[in-house]
Each structure stands twice: as structure tokens, then as C-alpha cells.
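Down below is the structure, laid out as C-alpha cells.
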Amino acid sequence: MRICLVLPPSNFIAQGYGVTQKVKFGHLPPLGIGYIAAYLEQDGHQVSLVDATSMEMDVETAANAVLATKPELVGLSVLTNYADHAKALADRLKELAPDLTIVLGGAHTASFYQEILTDMPSVDHVLRGESDTSVCEYVRHLRDPERLHQVKGLVYRDADGKTVVNPPAAIVEDMDQIPMPAWHLYDMSIYRPLPMQFKQAPVFTMMTGRGCAWARCKFCFQSDRVGPSFRRHSVKRVLDEMEILVNRYGIKEVHFWDDIFVLNKKWVEEFAAEKKRRGLGHVTWVGSTQANTAKPGMIRTLREAGGWSLFVGVESGNQELLNGMDKGITLDMVRRVMAECHEVGMETRCAFMLGLPGETPEMGRKTIEFAVEIDPTYAIFYAAHPRRGTELYDIALTQGLFVDREYRGMSRVTYVPEGYSGPEELSKMIQFAYRRFYLRPYYYYRTIRKIRSYRDAQELFMAVFLYIGLSNLFAPLTRLGQSLKRRLLPQQLRGRVFGDGGQ
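Sequential numbering from 62 applies to the sequence shown in our numbering.
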């Protein structure tokens, strides 16, 4: 069967960073459709991929690209944040090809599988959760509606139009049995991270595990309330993948998309030693950690193994709010991990939520000052958005005010806790957070001191204009940034960064 797997169009850079102008980078390869493609190819199907997000397609262009593959089945991979984009694409595909079968998969299906077929009438079927063990069976039974009830994890309409939810599919416990993603189907040329977010290119993504080992945070879909249990590849399998990416595709850097990469000390030490033994020491990488999983010494080990940047979810500078969210960390744990990162030269990106239930403006300012104290390389401040399906959402229904229950990006306020007067006050707090952190003279000095090459200077220059000149997170500086872009940024770089023809 001819099958087209699709990442629908989305404007996640605009939503995530408040960027008000189109940019030409910020995309990395989506792994989910790559794994599914590998299973389908093993089962003898002809598979193609359309990454409409990274190709910066609109709905019409994406629909035409999908139909150009002459598919008999289209699979859409969907995140909850961008479900409306998937609906728009499904609707257009049905208008152009009414007999086309469309199945929805991805993270969105874990919590909302029962309502998708009602909300998205153009979608025929849903494969909920991890569909590794069910996707091939689904395709085999697709032409025989009488057997659809046998497909685990499938949600479909019966002859009367009633939604039927089959029992969930089993998850793969032995991660090493999962085939490697179908890398040959990706167009490697379209992927490039944001400025200052990588050391070497080309960059590709990998995952060493699924699920979250902590799985308690009330704001997260990976909590044990919704998400599957944690499982991890062996070190051998991870480095086998890395070797193929390096030797066959010329990849120089890997970004690990695990929820928590720095986890088990024995695994970390084995990874570091084996990576060196295989001659992969030149491959740089980026990962993530929690303060309660990075034990003393682990950061140094990973830095010596090519790691140069860690994402650290701090969330708040108030212990009371961290406890309320079951984050499992203390502020002193964060201080220790950040001190070790500074000591060994590991860059850090820390995320902070403002506007959690129970927060007051005073507590918000405390979070901002804590960010300044621990001094990560980059700080991300965003409005807490209680998402449907999480425990935080249930809490927020009884506390504070929802301005909009749909996700509108990290820079948009959709929920206001009782301690704030309204969305304007919280929005101003977020803008103040960015100004307080990034407009420090010491931050300028530290950043400029890191410049070691023309490329470093070029990346920094592009980042400044992207994050300040075009982002509503720095609203007071936006007009200044646009003016400086026209006056100071070389026309060649303007075209590379913004795709605006140098305007």
C-alpha cells in the first residue's frame, strides 16, 4: 500500500517564541513518523514522508505535496498544541480526495482519542498512544471493516457512525526491538536548529528512551496519569544509531529528545566510555536533565563525552509551587547542578513557568531573581498553560481564570492565577523577566567573551535579531530591532535568517 506520513503545517516558532516574522530555521527532524515508516517498510509498504512544518508549507501546499505521492492512506502525526493545523489539513485533503483514508496518530491521541472523531470529521481513524505494535495490523485490516475491532489502540466509527474505542495497544517493553527510524526518507537539507542552539551541523535528533522516569509533574502529559511507563535503549543500540548517522549521513551533532537524558549514573558512564571507544568523541550532543536525576559527577562525565548543552526544567523559584506541582526537586538541588555545569563549561537552558496556580506577582519576581542567581546560558520564561488531560488543568478549573483554554504559545497568557489582577499583569511580568535576565551588562560581557570565530559572531548576530528584534516577548524593543535589522544586518544574512529577500 502507498502510505504518506505527514507532520502537518504549524507555526511553532511563532507560537513558541512570539516571533512576528517568518524565519528560515528552527526545525529538527521529527522522529515519530520515522519510526512508524520503518515498521511499515518492514511490512512491505511503500512509504513517503511530508514534513510540512519544516518545509514551512501552508495547508494548500501541504495537501498538494501529500496528494502528489498518490497515497492510499495518509497518517497525520499531531501534537495537542497544533491539533487545529491537523484538522485544517485533513479537511482540505478530504475536499481534494474524498475517498482518501486519513488516520491520526501522535501525542495528541493519548488524552483526546475519544473526541477526535467528533472534532475532526475528516479523520477516519485514530491510532492512540504508541502505535508500534498496532500500525501494521491496522493497515492489513484497513480494507475489511469487519475486522477493525481486532486492532488494538484503534478508534473508529461503526456502521451507525458511533465512535468505537478498542482496547489499548501494548507498549514495546524491549526498546532495542524497535527498528531504527527510516532516515533515508528524510530530506536532511531542510533541518537547521535556531542560532546558538548547536555547535556543528548537520544536526539530527535521537531518542534513547520513551516515557518519563519521573512521571509525576502535574503540568505534563508524561505524568503517570496519562503517559506510558519509562523504557530505555541499551547503550549499544544508542551508539549503533549514532554511528550510522555519522558514517552514512555525515551527522556531526545529535540532539537527544528524551524527557530526561541524564538519569542513571551507570548508563551515563557506560555511554561516555563506549562513545569514546568507538571513535565518536568528535560528535557533539545536547540533552536534558532534572535537578534530582543529575547526581554529582555525572555532568562532568557527560561534558567529557561531547555534551555541550543541557536543558534543565526548573519551572519556578518558589519551593512551595514546585512542591505543589510534584516536581520532585528543591532549589538547592538546582543550585548544585547549575554550579557543576558552570564549573565544567556545560551550557544550560532553563525553563521557568510564570502564572502557576497559587502564584502571586511577588512569587513571580522571586522566580525571575532565582533565574538571575543560577545564571543559565539561556532562560526561557513562559506563561503556564494548564492543558486538558493534565492534573494541573483540573486544579486550574477551581483556581484562577481561563482567558483561553487553547494553547496559543509560550508568550501568550491563557490562564491567570488568582494572585494576578488580569492577563495584562502576567504578560508584563513575562516581558519584565526577559528584560531583567537578558539586558544585564554581565550577560552581554559573558556572551561576547564566548565568541571564538566568525561563525560564532554570525550566529550571535542572527540570534539577537531573531529573539529581540522580532519577538513580542521583547515588545518594547521590537520596532528598534526591525530598524536595526534593516540598517545593520547584511542583506545576505537577512535572506538566510528571515527569507524576506533582504527587506
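Where is the CB? At the ideal position from N, CA and C, for every residue including glycine.
Please read these numbers as outputs of a predicted model, since none were measured by experiment.
Buried versus exposed, by CB contacts within 10 Å (16 or more), residue i
i	result
ASN308	exposed
THR459	exposed
LEU500	exposed
LEU487	buried
GLN2	Because the chain here runs from 62 to 564, residue 2 falls outside it and cannot be looked at.
LYS511	exposed
LYS297	exposed
ARG189	buried
LEU534	With a pLDDT of 48 at LEU534, under the threshold of 50, the modelled position of that residue is not reliable, and the figure given next carries that caveat. LEU534 is buried by the Cβ-count criterion.
LEU110	buried
ASN384	exposed
THR266	buried
ASP285	Reliability fails at ASP285, whose pLDDT of 49 lies under 50, so the model's placement of it is uncertain and the value that follows must be treated cautiously. The residue is exposed, with fewer than 16 neighbouring Cβ atoms inside 10 Å.
THR179	exposed
ASP219	exposed
ALA457	buried
Sub-8 angstroms separation of residue i and residue j beta-carbons
i	j	result
PHE463	THR475	yes
ALA440	CYS411	yes
THR162	LEU128	no
GLU314	VAL264	yes
LEU453	GLU420	no
ALA168	THR194	no
LEU66	VAL108	yes
TYR199	VAL216	no
SER183	THR114	no
GLU304	LEU341	yes
GLY367	LYS336	yes
ARG364	VAL398	no
ALA124	LEU165	no
VAL347	SER370	yes
MET116	LYS148	no
DSSP three-state assignment for residue i, whether helix, strand or coil
i	result
ARG501	coil
VAL344	coil
TYR495	helix
TRP318	coil
GLY270	strand
SER138	strand
HIS186	strand
GLY368	strand
LEU128	helix
ALA231	coil
HIS446	coil
HIS88	strand
CYS65	strand
LEU531	Residue placement at LEU531 cannot be trusted, given a pLDDT of 46 that sits under 50; what the coordinates show is reported in the next sentence. Coil, per DSSP.
THR350	strand
ALA168	coil
ARG513	coil
LEU462	strand
LEU541	A caution first: LEU541 carries a pLDDT of 43, below 50, which makes its placement in the model unreliable, though a value can still be read off. In this structure, LEU541 counts as helix in the three-state DSSP scheme.
ALA291	Correcting the residue identity first, residue 291 is Phe in this sequence and not Ala. Note: PHE291 maps to coil in three-state DSSP.
Inter-residue Cα distance where the pair is residue i and residue j
i	j	result
ASP221	MET394	56 angstroms
ALA126	SER138	16 angstroms
MET386	LYS279	5 angstroms
GLY214	ARG201	15 angstroms
VAL433	ALA231	45 angstroms
HIS294	GLY272	12 angstroms
GLY483	ILE429	19 angstroms
GLY425	LEU415	6 angstroms
GLU330	ILE321	16 angstroms
GLY461	PRO90	38 angstroms
LEU68	TRP318	17 angstroms
MET359	TYR174	39 angstroms
SER349	ARG204	43 angstroms
ARG361	GLN258	20 angstroms
SER509	ARG63	First, the amino acid is wrong: residue 509 is Ile here, not Ser. Roughly 52 angstroms between the two C-alpha positions.
MET249	ALA334	29 angstroms
TYR504	ARG497	10 angstroms
ALA355	LEU255	26 angstroms
First and last residue of the uninterrupted alpha helix (DSSP H) at residue i
i	result
MET407	First-last for MET407: undefined, no H or E at that position.
ASP112	That residue, ASP112, is in no alpha helix (DSSP H); its beta strand (DSSP E) goes 107-112.
GLU9	The first residue shown for the chain is 62 and the last is 564, placing residue 9 beyond what the model contains.
ASP301	296-310
ASP455	452-459
GLY358	It is not in any alpha helix (DSSP H) - GLY358 carries neither H nor E in the DSSP assignment.
Range covered by the beta strand (DSSP E) that runs through residue i
i	result
GLU420	Counting along the chain, GLU420 falls outside any beta strand (DSSP E), and DSSP gives it neither H nor E.
VAL226	224-226
VAL216	215-218
VAL196	First-last for VAL196: 196-202, but that is the alpha helix (DSSP H), not the beta strand (DSSP E).
Distance cut-off 7 angstroms: residue i Cβ against heavy atoms of the ligand GDP
i	result
CYS197	Here there are no bound small molecules, and the ligand GDP is not part of this structure.
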